[in-house]
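In the order they appear, the protein sequences are chains A and B.
Each residue of the first sequence is one higher than the one before, starting from 223 at the first, in the numbering used here.
Each residue of the second sequence is one higher than the one before, starting from 379 at the first, in the numbering used here.
Using N, Cα and C, we set each Cβ at its ideal position, and we do this for glycine too.
From a predicted model like this one, the values you see are computed outputs, not experimental measurements.
Each remark here refers to the structure printed beneath this line.
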Amino acid sequence: MHSKYLIVGSSHAALEGATAIRLIDSDGTLAMLTRDARLPYSPTILPYVVSGRSRPDKVKLRDESYFRANAIDFVSDATVASLDPAQQSLCLVSGETRRYDKLLIATGAAPALPPVPGLREVPYHVLRSMNDAVGLHEAMQHAKSALVLGAGLIGMHAAENMAEARIGVCVVEMQRHALSGYFEPRASTIIERTFTRNGIRMLMGRTLQRVERAGEGCRATLSDGSTIEADLLLVCTGVKPNMDFLAGSGIETEAGILVDDRMRTSAPNVWAAGDVAQARGFWGDKVLNGILPNAVEQGRIAGLDMADDAGLQPFPGAVPLNTYSFFGQQAISVGRAHADDGVDVKESGDDDKGVYRRIALKDGKLIGIATINDFIDAGVMWQLILRGTDLSAVRDKFIADPMLTGRQLMSQTWR
Amino acid sequence: MAKCFSTLQFHPERCDGCIECMTACAQAKAGTDDLRFSRIRILPSINGSGHELALCRQCADPVCVMNCPSGALTKNADTGVVDWAGDKCVDCLLCTAGCAYAGIVYEAEVGHVSKCDMCDGAPACVAACKNGALEHRTEARLFNGFAEKEDMFCPGLAACHGCNSELLIRHTMRMVGPDSVVAAPPGCIPGMGTVGYNGQTGAKVPIFHSLLTNTATMLAGVKMQYNRVGREVIAVALSGDGGTADAGFQSVSGAAERNDPILFICVDNEGYMNTGMQASGVTPYGSWSSTTPVGGAMQGKRTEAKNLPVIMTMHNCSYVATASPAFLEDYYAKLAKAIEVSKTGMAYLHVYTPCPTGWRFPSSMTTEVCRMQVRTNFVALWEYDPENGLRFTHKVDRPEPVSNYLKMIGKYRHLSEEQVAHIQRTVDDKIAYLDQLTKIETHAAASAH
Numbered sequence: 223m224h225s226k227y228l229i230v231g232s233s234h235a236a237l238e239g240a241t242a243i244r245l246i247d248s249d250g251t252l253a254m255l256t257r258d259a260r261l262p263y264s265p266t267i268l269p270y271v272v273s274g275r276s277r278p279d280k281v282k283l284r285d286e287s288y289f290r291a292n293a294i295d296f297v298s299d300a301t302v303a304s305l306d307p308a309q310q311s312l313c314l315v316s317g318e319t320r321r322y323d324k325l326l327i328a329t330g331a332a333p334a335l336p337p338v339p340g341l342r343e344v345p346y347h348v349l350r351s352m353n354d355a356v357g358l359h360e361a362m363q364h365a366k367s368a369l370v371l372g373a374g375l376i377g378m379h380a381a382e383n384m385a386e387a388r389i390g391v392c393v394v395e396m397q398r399h400a401l402s403g404y405f406e407p408r409a410s411t412i413i414e415r416t417f418t419r420n421g422i423r424m425l426m427g428r429t430l431q432r433v434e435r436a437g438e439g440c441r442a443t444l445s446d447g448s449t450i451e452a453d454l455l456l457v458c459t460g461v462k463p464n465m466d467f468l469a470g471s472g473i474e475t476e477a478g479i480l481v482d483d484r485m486r487t488s489a490p491n492v493w494a495a496g497d498v499a500q501a502r503g504f505w506g507d508k509v510l511n512g513i514l515p516n517a518v519e520q521g522r523i524a525g526l527d528m529a530d531d532a533g534l535q536p537f538p539g540a541v542p543l544n545t546y547s548f549f550g551q552q553a554i555s556v557g558r559a560h561a562d563d564g565v566d567v568k569e570s571g572d573d574d575k576g577v578y579r580r581i582a583l584k585d586g587k588l589i590g591i592a593t594i595n596d597f598i599d600a601g602v603m604w605q606l607i608l609r610g611t612d613l614s615a616v617r618d619k620f621i622a623d624p625m626l627t628g629r630q631l632m633s634q635t636w637r
Numbered sequence: 379m380a381k382c383f384s385t386l387q388f389h390p391e392r393c394d395g396c397i398e399c400m401t402a403c404a405q406a407k408a409g410t411d412d413l414r415f416s417r418i419r420i421l422p423s424i425n426g427s428g429h430e431l432a433l434c435r436q437c438a439d440p441v442c443v444m445n446c447p448s449g450a451l452t453k454n455a456d457t458g459v460v461d462w463a464g465d466k467c468v469d470c471l472l473c474t475a476g477c478a479y480a481g482i483v484y485e486a487e488v489g490h491v492s493k494c495d496m497c498d499g500a501p502a503c504v505a506a507c508k509n510g511a512l513e514h515r516t517e518a519r520l521f522n523g524f525a526e527k528e529d530m531f532c533p534g535l536a537a538c539h540g541c542n543s544e545l546l547i548r549h550t551m552r553m554v555g556p557d558s559v560v561a562a563p564p565g566c567i568p569g570m571g572t573v574g575y576n577g578q579t580g581a582k583v584p585i586f587h588s589l590l591t592n593t594a595t596m597l598a599g600v601k602m603q604y605n606r607v608g609r610e611v612i613a614v615a616l617s618g619d620g621g622t623a624d625a626g627f628q629s630v631s632g633a634a635e636r637n638d639p640i641l642f643i644c645v646d647n648e649g650y651m652n653t654g655m656q657a658s659g660v661t662p663y664g665s666w667s668s669t670t671p672v673g674g675a676m677q678g679k680r681t682e683a684k685n686l687p688v689i690m691t692m693h694n695c696s697y698v699a700t701a702s703p704a705f706l707e708d709y710y711a712k713l714a715k716a717i718e719v720s721k722t723g724m725a726y727l728h729v730y731t732p733c734p735t736g737w738r739f740p741s742s743m744t745t746e747v748c749r750m751q752v753r754t755n756f757v758a759l760w761e762y763d764p765e766n767g768l769r770f771t772h773k774v775d776r777p778e779p780v781s782n783y784l785k786m787i788g789k790y791r792h793l794s795e796e797q798v799a800h801i802q803r804t805v806d807d808k809i810a811y812l813d814q815l816t817k818i819e820t821h822a823a824a825s826a827h
């Protein structure tokens, strides 16, 4: 089988890549391969499937009629085994060969398991695919206690879901604080306290020494010597890009697939985007930036470049960004709010009321902002960072009310 | 073909910050005066001198939709609105990270993200705005309708880069339709290929290349012949200003006086642009042209442009109107009237069409130049019929100084301050004169009291 455009993956980066290609080229043959058995869905929705708030059949991002209308050959249950850039062909696990003129790798990431002795001998869950989510949702119906390993976004989300399902939850995190990738300790502490108030044991700064089977569940021994027994073990200790099939392809990789500002890999006619891609960071070295808005942007750039769009704006650089809801509260982080190297930092809020704000400026420009229960427009803040808008003249106003000042600047500057 | 959609336009210069739009929105969407429920947000400017807006733009490629992991946000292909489905939303706020305009936001009091839904096509905020600072722009409806009509000209007309006369005649003839006959005297419109070359015409309807001097009478005669054989056609003249105001004037004047049943459109680019930019009777004072040069003796045209559309009203023909390609909704309304009127009497449309080649401005700026003509009152948009007299159709309350218009255009580059002041005075006088005409009590108006 040959197609002009071949996309591997079916989540945000892949879908925006396909949309972008179709903006420019309405009839070049386009195939999308996914190893999943389902129509496209977002990994971000999975915690809500776990909680039962979203039903697995109600969260698809595209349906068959979309693929028909856009002449996209959507192929599920198709796992790639290897890539030969010289031949411009992919080999699938099924033995089938797929040839392409242009290839987009948007295979995302898979759970990374920590090297804990005994882990592979006990029943454990991860949360990255719809099957994982459905499996975890079912397991929660019988569990009375749960151990969540890792206090990143997925682990925290899942822990909240379990607590709301009246399961006794314990979260173990190697770092000293939860969500340390997005928030500095004071903010993390506010979030952790909310979890504690909701009956979740937050064991930060600890690792698992070993884990063993105990009845239907497991018994874990922590680095502080204590032990925890749980009916259910969920491992959320980060992810690693899905790029094993590149072995022998010669495509350059580090932590992910290295790409330039047009999402081109080191091989001709091969692009990569989303969680699998390692692209320029806004402040320097190439980074993995495994967040949904980043996948959307990179997928779109890759698609436009694949279709030779003359007006393509290259990637401005990855900015870490997240919006996080927990127990009806909101935490938002854009850029490097936790930076403290020679930056003008302003912190305010009321820890007891769970209100927090931290603004980091450098040379009069915003480099990061994080808030809890204090809404800011993340999209406007992101633009202020990307555009390098000079805030020197309005510094005090911005610090006093970043949401209002941000909107005023937006309306004036990019009306 | 892609569809166009209605939109909300904000005119910050008209906003006084009364925020009644916000109250109206909160009432319409949540039945409360609590402004946190409003989906439109008017803000004071940072320097306190005006007002700013945060509102959903209903983007064509909405990043909020792309960022939504649950399928709660979708772009509605029929209405163009970015729809939000509350039952699918999981409150993750990632949509807010995709919006550069603060158009979808979270308020704790509301409990979920909210955004403008255009009130099903009747925005409450617009109805509440007493200053006209918010406008519901519905021209998209026109464009969608026009896209379905047949273009009466062939592809490949060779107008200059940035010329809007080609667009104008294509749009005009789409509306006039196939049951028509067109007269095109010498000028840019035949020059771009409409009357043909190599034995073929550039139009899909009968078109003839009349003389500069006889367009209106010849067209009226053709129309008479069609009437005689029992065929109803719209007889249209697509003439330049030379073929109307100068050499063509006696025949236009005669047809208007007889109220011949034709639609005469003057495409006014202020001179003979097709033959080397010579001045015409409607070339404005001060303009550089090849016959009104700039040098030691002359600083552009010394005399004023004659106000041809006003002169046409003095003929008491059935309909006279001015129009600008930057105000198409206004033009289409007048064109529809003119087509109807031309079945029984003469309709005269005077369309001001700036010429990037002859006037010396960048070809990308044509529509901006058109817009600025109206914003400065250099061009006034009005219509006239003998029953109701003259009325403005787009009155400009706070016109910009005419210098803002003049400085966009190369043919005025040499103007002295005195000349600019003179032009400003004539513009003011012209508006004052037209204003007086609007106040004349016609018999129809008097008997309506």
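task = Pick helix, strand or coil for Leu589(B), following the three-state DSSP scheme.
result = coil
Beta-carbon contacts of Ser448(B) that lie in its chain and below 8 Å, excluding the five residues immediately before and after = Lys466, Cys467, Val468 and Cys470
query = Rounded to whole angstroms, how far is the Cβ of Thr691(B) from the Cβ of Leu590(B), which I believe are closer than 8 Å?
reply = The pair is not a contact, with the Cβ atoms about 23 Å apart (cut-off 8 Å).
Proximal residues to Lys582(B) (C-beta, below 6 Å), its chain only, five neighbours per side dropped = Met530
request  = Measure the alpha-carbon distance for Ala207(A) versus Val272(A) and round it to whole angstroms.
outcome  = This structure cannot settle anything about residue 207(A), because the visible part of chain A is limited to 223 through 637.
request  = Can you give me the Cβ contacts of Gly372(A) inside the same chain, cut-off strictly under 6 Å, excluding the 5 residues immediately before and after it?
outcome  = Cys458 and Thr459
key: Neighbour flag for Ser633(A) against chain B, beta carbons, 8 Å   = yes
key: Interface partners of Arg558(A) on chain B, CB under 7 Å   = Residues of chain B passing the Cβ test: none, with the nearest at roughly 16 Å.
request  = Classify Asn516(A) as helix, strand or coil using the three-state DSSP reduction.
outcome  = helix
query = Under 8 Å between C-beta atoms, does Arg419(B) make it to chain A?
reply = yes
task = Output yes if chain A places a C-beta closer than 8 Å to the C-beta of Met400(B); else output no.
result = no
query = How would you label Pro542(A), buried or exposed, when you count the other beta carbons within 10 angstroms and need 16 or more for buried?
reply = buried
key: Candidates Asp439(B), Gly481(B), Leu535(B) and Leu472(B): closest to Ala380(B) by CA position   = Asp439(B)
message = What residue range does the beta strand (DSSP E) around Ser316(A) cover?
response = First-last for Ser316(A): undefined, no H or E at that position.
key: Test: Asn445(B) CB closer than 8 Å to a CB of chain A   = yes
ask   = What three-state label does DSSP hand Thr545(A) in the structure shown?
value = strand
ask   = Leu759(B) CB to nearest chain A CB: under 8 Å?
value = no
key: Interface residues of chain A facing Thr754(B) [CB-CB closer than 9 Å]   = Within 9 Å Cβ-Cβ: nothing; Thr754(B) doesn't reach chain A, min ~22 Å.
inquiry  = What does the alpha-carbon distance come out to for the pair Pro278(A) and Tyr270(A)?
reply    = 9 Å
message = As a quick exercise: from Glu391(B), Val443(B) and Ser667(B), pick the residue whose alpha carbon is nearest that of Ala463(B).
response = Val443(B)
request  = Kindly say whether Gly426(B), judged by its beta-carbon, lies nearer than 8 Å to any beta-carbon of chain A.
outcome  = no
inquiry  = Using only the alpha-carbon positions, how far apart do Arg680(B) and Pro568(B) sit?
reply    = 30 Å
inquiry  = Between Tyr484(B) and chain A, is the shortest Cβ-Cβ distance under 8 Å, so that the two count as touching?
reply    = yes
key: Closer than 8 Å at the beta carbon, the chain B residues around Thr627(A)   = Ile424
inquiry  = Can you list, in chain order, the residues of its chain with a C-beta nearer than 6 Å to that of Pro390(B)? Leave out the 5 residues immediately preceding and following it.
reply    = Gly428 and His429
query = Taking C-beta to C-beta, are Val491(B) and Ile482(B) nearer than 8 Å?
reply = yes
message = To test your reading of the DSSP string, which unbroken alpha helix (DSSP H) runs of 4 or more residues are found completely within the segment 661-710 of chain B?
response = 686-691
key: Close beta carbons around Val459(B), own chain, < 7 Å, minus the five adjacent residues each side   = Gln436, Asp495 and Met496
ask   = For Thr443(A), does the three-state DSSP call read helix, strand or coil?
value = strand
ask   = Within the 8 Å Cβ cut-off, does Leu413(B) reach chain A?
value = no
task = Give the straight-line distance between the Cα atoms of Leu326(A) and Ile523(A), rounded to the nearest whole angstrom.
result = 11 Å
ask   = Taking only beta-carbon atoms, is Leu444(A) less than 8 Å away from chain B?
value = no
task = Can you pull the chain B residues whose beta carbon is under 7 Å from the beta carbon of Pro515(A), in chain order?
result = Asn445, Leu472, Ala475 and Gly476
query = At a CB-CB cut-off below 7 Å, which residues of chain D make contact with Asp469(B)?
reply = Within the model displayed, chain D is absent; protein chains A and B are what it includes.
One or two residues paired with Asp306(A) in a DSSP bridge = Ser311(A)
query = Looking at the unbroken beta strand (DSSP E) that takes in Pro463(A), where does it start and where does it end?
reply = Val461 to Pro463
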